[in-house]
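2 protein chains.
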Amino acid sequence: MTARPPEQSFTDDPTLEADVFARNCASRPVLQDVASRWGVLALAALREGPYRFSALRRRVDGISERMLSQTLQTLERDGMVNREVQQSIPPVVEYTLTDLGAQVADQLFGLIDILESNIAKIEAAQAAYHRQ
Amino acid sequence: MTARPPEQSFTDDPTLEADVFARNCASRPVLQDVASRWGVLALAALREGPYRFSALRRRVDGISERMLSQTLQTLERDGMVNREVQQSIPPVVEYTLTDLGAQVADQLFGLIDILESNIAKIEAAQAAYHRQ
């Protein structure tokens, strides 16, 4: 992953308030990371418990090895995911949510739950829209 | 917007359950629509109340006219947003959340709130990651 320097630093000045509606706010790229196509699904899957890479890839149906690797690196960099290497032979790498990642994953799961429960209503709206 | 036929229809068979982890589930593209870069911000803004197009564009700092127009069309098609034309002279167009859109926006607002409140922690994690 390439480095992405924050436009405003909140650690330097704790009186600055983050505002996602402001175009340069550092919270915006993080929102894009966790709400990305694969970021949402990886976080929601890790809410179920620790995963090894290959098992997580099977759970997030359709994700490529490369995309899962990139997604996990981004989530680790943002402090959402821990990558733990267990000193076994062969070494095992496990991914878990941090406390912050768990809070974020709970919100995303709530969002997924609303969409899954209302999919018939959403499809009806889509059909009506295309009939216009 | 081009039509995007759902791969599985949940209205035809109500016993089918939506599962966002399945690659062909119709809930996945909808999740991408509401969690998109601009979808999130438009929904979160409309949670504050009805908006006209130009006011909404000012609220969602940085969005282009074209992207806001596309985003609102997508959200209208998915049943998240109502587009209401008031019969005044000149006619005024207002955007509001549907009941479903309001539920979705509440979840997204919760997500934004977590990120904004933890931005110092996130920036510290990013700095530590880049020091590795």
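Protein sequences, first through last, are from chains S and Y. According to the numbering used here, the first sequence is numbered sequentially starting from 74. According to the numbering used here, the second sequence is numbered sequentially starting from 74. Even glycine gets a Cβ: it sits at the ideal position worked out from N, Cα and C. Bear in mind the structure is a predicted one, so any value in this text is a computation, not a measurement.
Do you know whose CA, among the options, lies nearest residue i's CA?
i	options	result
I195(Y)	K194(S), P163(S), A200(S) and T147(S)	T147(S)
V154(Y)	H203(Y), A117(Y) and S161(Y)	A117(Y)
L114(S)	A198(S), V158(S), S137(S) and V93(S)	S137(S)
G174(S)	R130(S), G135(S), P123(S) and V166(S)	P123(S)
Q199(Y)	D92(S), G152(S), S190(S) and L104(S)	G152(S)
D134(S)	S142(Y), Q160(Y) and R101(Y)	R101(Y)
E149(S)	E121(S), D106(S) and R96(S)	D106(S)
T144(S)	S161(S), R110(S), E90(S) and A95(S)	R110(S)
L104(Y)	P164(Y), L181(Y) and R156(Y)	L181(Y)
R96(Y)	E167(S), F126(S) and R130(S)	R130(S)
Q176(S)	A128(S), S127(S), A91(S) and R120(S)	R120(S)
V93(Y)	A197(S), I192(S), H203(S) and L170(S)	I192(S)
R156(S)	V166(Y), P164(Y), A99(Y) and Y202(Y)	Y202(Y)
V166(S)	S127(S), G112(S) and E189(S)	S127(S)
E90(S)	E189(Y), S142(Y), A91(Y) and C98(Y)	E189(Y)
Within 8 Å (strictly less), CB to CB, does residue i reach chain B?
i	result
L119(Y)	Among the protein chains of the structure shown, namely S and Y, there is no chain B.
Output, in chain order, the set of chain Y residues within a Cβ distance shorter than 7 Å of residue i.
i	result
A99(S)	I192 and E196
R110(S)	Q105
Q180(S)	Q180, G183, L184 and I187
Secondary structure at residue i, three-state DSSP: helix, strand or coil?
i	result
E138(Y)	helix
R125(Y)	strand
Q205(S)	coil
T75(Y)	Interpretation of T75(Y) is limited by its pLDDT of 45, a score under 50 that renders its predicted location unreliable; the figure taken from the coordinates is listed afterwards. Note: T75(Y) maps to coil in three-state DSSP.
A198(Y)	helix
E90(Y)	coil
R96(S)	coil
Along the chain, where does the beta strand (DSSP E) that runs through residue i open and close?
i	result
V154(S)	V154 to Q159
If you follow the alpha helix (DSSP H) that residue i is in, where does it begin and where does it stop?
i	result
P102(S)	S100 to V107
V113(S)	R110 to L119
Output, in chain order, the set of chain Y residues within a Cβ distance shorter than 9 Å of residue i.
i	result
L114(S)	V93, F94, R101 and L104
Using a cut-off of 8 Å between C-beta atoms, extract the partners of residue i located in chain S.
i	result
E167(Y)	Per Cβ cutoff of 8 Å: no residues; E167(Y) is ~18 Å from chain S at best.
Every unbroken beta strand (DSSP E) within the stretch 165-195 of chain S, with a cutoff of 3 residues, ordered by chain:
Within the stretch 165-195 of chain S, the complete beta strand (DSSP E) runs of at least 3 residues are 165-170.
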